[in-house]
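J.: Just passing along the structure, written as structure tokens.
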Amino acid sequence: MYSSLVFIVPLLSHVVAVYNCGGDYYGIKTKEAMANPGPGLRILVAHRGVEGPNCAESSRCSIDKAAEAAFEAIELDVRQDKDGMLWLTHDTRIGRTTSFRHDGWFFNPWRDNEFGPKNPAYSDMHSWQLSMLHYRDKDGHLTSEPLRNLESQLQFIKFNHRHMLVMFDVKSPAVVEKLAAIIRKLRMEHQTLMKIPIWYFRPQDLTRHTGGLSFTLGIEGDWLDAIALDPRNRVLGRTPQHRVQNYIRGYIHLPGFVAMEPPAKQFAQTRRGTVPVGPFAFVDNYFGSMRNVGFGRFHSVPTAGRQGYFDANGHCCVALRSMMSKSKVFGNQQWDDREKVTDLLKTAYFVTSDDDRGLMSAAQNMGFRRGKTPESRPCVPDNDEVKLAKGTELFNLKVELDDEAELDDGTDLLKLKVELDEIEANDGSHSLKLKLEVDNDENDNKSNVDEVELEDDRDLLEVELHNDDDD
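According to mature numbering (1 follows the signal peptide of the UniProt record, and there is no 0), the stretch in the sequence shown is residues -17 to -1, 1 to 454, in order.
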């Protein structure tokens, strides 16, 4: 007697593939590496994508270019409009980066009043108004790409860049639950994470808003006074430092925690190498010795060229020194080293930057990257052995799986073990070839899976089980 059935196994929740250098990379493995990097690895993050002439920040063009430049991840800022719809934008106002006109004129970041009618806030604009606009590039030139909301852009990434981790810099507490709902709707939990500023939610409240989705913790020195002086936190320690340290520890064990971006912006060269110094270095020193606590840094690059930085309203210009943190409890920062990319790469596991070429070049020169083209993407190294077939992206991986599945007729439960998992990635497609052994007390079942291709909108593999019965 011969019978067959199709058994559906959720790929990412049950089959965990281990990748190594020389092949492809995926969001779930990139997140693991952010917390547990190898000695020769740094995760490189393109801030707002990779922009350029006729290619605006946070646009599909910039996302494509980030993938072409072999970045493992991108960081995109999130704000909401008057209707509550989410958009990918760093600025609080629309003038600098969009085609909005007032009386026929664009907003000029160098000349116009940043609070004037040419530069309205996103929170004052309706969704239909924003959807009629186009992007402007960093030089102010109008592009052909229309402004699209966050959900549309995230769908684009899912279908076109499944390997890329998307980091969302959340600019308002009100955004978090809406963003989490969109991530779940698109089933992109493994490809995304949220950067949550520490002052948004207390540790005991955060999971209620994120639902356990992946997050990094953003920490600025300006925010630490509120933690140290809050009467509710006196039970966390005698000194302000102890209270801050133990308060931060409350986030580390929450579901979804990946890494933190500590507040230190000053560095010094010592016998031990480059180390954080200054009034907030105690955060780095305390958590730097802990396992599974990844550190991230932001590489500051003048967004307005020699004139400095655009401020949050899109107006030019502010100096880097104006962004230094101040604290009545711990003291003020005296200088800011975030423009020194080598210091950041030495003291962090992942670095986010607006300077894609500078960051990639520095990482290569320091041994954190091998020379490669977009066709040979970077990956997340691990300790397991991986054999790469010449000229392909083929991996022979050992995967252990012990799962139970109910047959269609509800009669039996099968225990499956995956002995060999071969993953082939060519031209952006992803396939699985599996050899499976099926153990069942009542029947001698064997299964074969020739090849299963994961569709763009599915994270499932189909396993066909064959049952040979002498009767």
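Yeah, the Cβ is synthetic: ideal placement off N, Cα and C, and Gly gets one too. From a predicted model like this one, the values you see are computed outputs, not experimental measurements.
1. Whole angstroms is fine: what's the gap from Pro259's alpha carbon to Arg170's?
2. Contact check, Ala52 vs Met343 under 8 Å by CB: the rounded distance?
3. On the premise that Ile26 lies in contact with Tyr332, defined as a C-beta separation below 8 Å, what is that separation, rounded to the nearest angstrom?
4. My assumption, with CB atoms under 8 Å, is that Ile235 sits in contact with Ile202. Please give the rounded CB distance.
5. Please say whether Ala56 and Ala29 have beta carbons closer to each other than 9 Å?
6. With H, G and I counted as helix, E and B as strand and the rest as coil, what does DSSP make of Asp120?
7. Who are His85's beta bridge partners in DSSP?
8. Looking at C-alpha atoms only, which residue of Arg191, Glu97 and Glu34 is the closest neighbour of Tyr118?
9. Since I believe Gln63 is in contact with Leu71 (beta carbons under 8 Å), could you give me their beta-carbon distance rounded to a whole number of angstroms?
10. Could you tell me how far apart the beta carbons of Arg226 and Leu237 are, in whole angstroms, since I believe they sit closer than 8 Å?
11. Grab the span of the beta strand (DSSP E) containing Val301 for me, first residue to last.
12. Please go through the same chain and pick out, in chain order, the residues whose beta-carbon is closer than 7 Å to the beta-carbon of Pro285, but skip the five residues on each side of it.
13. Go ahead and pull the three-state DSSP assignment for Arg62.
14. Mind checking whether Thr330 and Thr253 have CB atoms under 9 Å apart?
15. Given a threshold of 16 other Cβ atoms within 10 Å of its Cβ, counted over all protein chains shown, does Leu137 qualify as buried or as exposed?
16. For the alpha helix (DSSP H) that Phe270 lies in, which residues bound it at each end?
17. Can you list the beta strand (DSSP E) stretches of 3 or more residues lying completely in the region 153 to 238, in chain order?
18. Is it buried or exposed, Arg315, if we count other Cβ atoms within 10 angstroms and call 16 or more buried?
19. By the 10 Å Cβ neighbour count, where 16 or more other Cβ atoms means buried, how is Glu420 classified, buried or exposed?
20. Is the distance from the Cβ of residue 522 to the Cβ of Leu148 below 9 Å?
21. How long is the line joining the alpha carbons of Pro22 and Ala242, rounded to whole angstroms?
22. Apply the 10 Å Cβ neighbour rule to Thr222 and answer buried if 16 or more other Cβ atoms are within range, or exposed otherwise.
23. Which residues share a DSSP beta bridge with Lys259?
24. Using DSSP's beta-bridge definition, name the partner residues of Met243.
25. Taking the runs of the alpha helix (DSSP H) that are 4 residues or longer, which of them lie wholly in the region 35 to 79?
26. How big is the Cα-Cα spacing for Phe265 and Tyr9?
27. What number of angstroms, rounded off, separates the C-alpha of Asp367 from the C-alpha of Glu244?
28. Here's a check: name, in chain order, each residue in its chain whose Cβ is nearer than 8 Å to the Cβ of Pro156, leaving out the five neighbours to either side.
T.: A quick look at the data gives this:
1. 38 Å
2. 7 Å
3. 6 Å
4. Wrong, their Cβ atoms sit about 12 Å apart, outside the cutoff.
5. yes
6. coil
7. Trp88
8. Glu34
9. That belief does not hold up - the Cβ atoms of Leu71 and Gln63 are roughly 11 Å apart, past 8 Å.
10. Rounded, the Cβ-Cβ distance is 18 Å, inconsistent with contact.
11. Cys299 to Val301
12. Gly291 and Tyr292
13. strand
14. no
15. buried
16. Ala264 to Phe270
17. 175 to 180 and 198 to 201
18. Note on identity: in this sequence residue 315 is Asn, with Arg being the wrong assignment. Burial call: exposed.
19. Only weak support is given to the placement of Glu420: the predicted model assigns it a pLDDT of 42, under 50, and the value that follows is read from those uncertain coordinates. Burial call: exposed.
20. Since the first and last residues shown for the chain are -17 and 454, residue 522 lies out of range.
21. 17 Å
22. exposed
23. Per the sequence shown, the amino acid found at residue 259 is Pro instead of Lys. Phe250.
24. Leu200 and Phe278
25. 43 to 51
26. 33 Å
27. Caution applies to Asp367, whose pLDDT of 35 falls short of 50 and renders its modelled position unreliable; the value that the coordinates give is listed next. C-alpha separation (whole angstroms): 28 Å.
28. Tyr183, Phe184 and His192
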